[in-house]
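Numbering (the numbering used here), first residue to last: -16 to 265.
C-beta: ideal position from N, C-alpha, C; glycine also.
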């Protein structure tokens, strides 16, 4: 089911399967890329209960082994719409027999989309329904339209940065880093940046990133509070993903114990976790 939100400025459409944002429009421009399966088959998947890949696609909890595929399972399940108005919708997905086989925790994941003026606010609420602590990660993976020359786009950060990206090899962190050439707080885009997969930043000072086209703002993401940021595309793909994360892929030396996993979040028993980011359109 597609749920569409509208105001006088923008519209947003969300697929209840995965609670995935599939379009975000202002005027004649759709800012979310249109799927072309030769590049990728998603538009904006939600990453839960892990971000990235686990070593051997598995982890250990309480001395028991579990298999869990890259980015987790939330993106592959139907969500219920539990609230809807013209400008806001809340989607809910809860643990079930299938999820308990790979993630032994009772939870509810709520994802809300709210449009205000020319901005959409995307909120995540993770509810731990267990009598024990619950480890988890959550992240966003929106793909934004690049329909002109890729090298005419630039990423502009709101603080001066030393752009040190953590290198992925076969979807796991290698322990290596590489410095991204930049001028002050900007990263000019070109496809060779992504020959080793995504750029991953762990220690940014910035909380806002603007995608500019020919030095003019195209869209702006405020990801204040998110500790990690991924940026990704494929060779010649007409999109750029800007991904705020609470969580990371494993590294080659990971112990496999989910409680020890780098970037893991822990929710106390019968408690909840909230975070949000926004996308502003120009």
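Using the Cα positions of residue i and residue j, report the straight-line distance between them to the nearest angstrom.
{"i": "residue 153", "j": "residue 37", "result": "11 Å"}
{"i": "residue 148", "j": "residue 177", "result": "11 Å"}
{"i": "residue 219", "j": "residue 210", "result": "29 Å"}
{"i": "residue 66", "j": "residue 4", "result": "16 Å"}
{"i": "residue 129", "j": "residue 212", "result": "19 Å"}
{"i": "residue 108", "j": "residue 93", "result": "5 Å"}
{"i": "residue 207", "j": "residue 191", "result": "7 Å"}
{"i": "residue 195", "j": "residue 21", "result": "26 Å"}
{"i": "residue 204", "j": "residue 120", "result": "20 Å"}
{"i": "residue 234", "j": "residue 258", "result": "25 Å"}
{"i": "residue 91", "j": "residue 1", "result": "14 Å"}
{"i": "residue 215", "j": "residue 79", "result": "32 Å"}
{"i": "residue 69", "j": "residue -3", "result": "13 Å"}
{"i": "residue 32", "j": "residue 77", "result": "12 Å"}
{"i": "residue 56", "j": "residue 30", "result": "8 Å"}
{"i": "residue 51", "j": "residue 86", "result": "8 Å"}
Between residue i and the rest of its own chain, which residues show a CB-CB distance below 6 Å, the 5 nearest in sequence each way excluded?
{"i": "residue 250", "result": "111, 117, 256"}
{"i": "residue 114", "result": "252"}
{"i": "residue 237", "result": "38"}
{"i": "residue 254", "result": "111"}
{"i": "residue 100", "result": "-8"}
Locate the alpha helix (DSSP H) running through residue i, then write down its first and last residues.
{"i": "residue 84", "result": "80 to 85"}
Does DSSP classify residue i as helix, strand or coil?
{"i": "residue 7", "result": "strand"}
{"i": "residue 169", "result": "strand"}
{"i": "residue 176", "result": "helix"}
{"i": "residue 266", "result": "This structure cannot speak to residue 266, because the chain is shown only from -16 to 265."}
{"i": "residue 133", "result": "helix"}
{"i": "residue 66", "result": "strand"}
{"i": "residue 118", "result": "strand"}
{"i": "residue 263", "result": "strand"}
{"i": "residue 101", "result": "coil"}
{"i": "residue 95", "result": "strand"}
{"i": "residue 89", "result": "coil"}
{"i": "residue 123", "result": "strand"}
{"i": "residue 111", "result": "strand"}
{"i": "residue 13", "result": "strand"}
{"i": "residue -15", "result": "strand"}
From which residue to which residue does the beta strand (DSSP E) around residue i run?
{"i": "residue 228", "result": "222 to 229"}
{"i": "residue 62", "result": "Unbroken run through residue 62: none, as it is neither H nor E."}
{"i": "residue -2", "result": "-7 to -2"}
{"i": "residue 139", "result": "136 to 140"}
{"i": "residue 151", "result": "147 to 152"}
{"i": "residue 22", "result": "Premise fails: residue 22 is in no beta strand (DSSP E) and is neither H nor E."}
Ordered along the chain, which non-local residues of its own chain (more than five positions away) have a Cβ less than 7 Å from that of residue i?
{"i": "residue 268", "result": "The shown model of the chain, from -16 to 265, leaves out residue 268, and the question about it has no answer."}
Once the 5 residues before and after residue i are set aside, which same chain residues still bring their CB inside 8 Å of it?
{"i": "residue 23", "result": "126, 217, 220, 222"}
{"i": "residue 169", "result": "137, 138, 139, 140"}
{"i": "residue 13", "result": "6, 7, 128"}
{"i": "residue 145", "result": "162"}
{"i": "residue 186", "result": "147"}
{"i": "residue -10", "result": "69, 70, 98, 99, 100"}
Taking only heavy atoms of the ligand ATP into account, decide whether any of them is closer than 7 Å to the Cβ of residue i.
{"i": "residue 112", "result": "Ligands in the displayed structure: none, and consequently the ligand ATP is not present."}
- Message: Please give the ranges of any beta strand (DSSP E) in the stretch 186 to 259, keeping only runs that are unbroken, at least 3 residues long and fully inside the region.
- Response: Correct list: 191 to 196, 199 to 205, 211 to 215, 222 to 229, 248 to 250.
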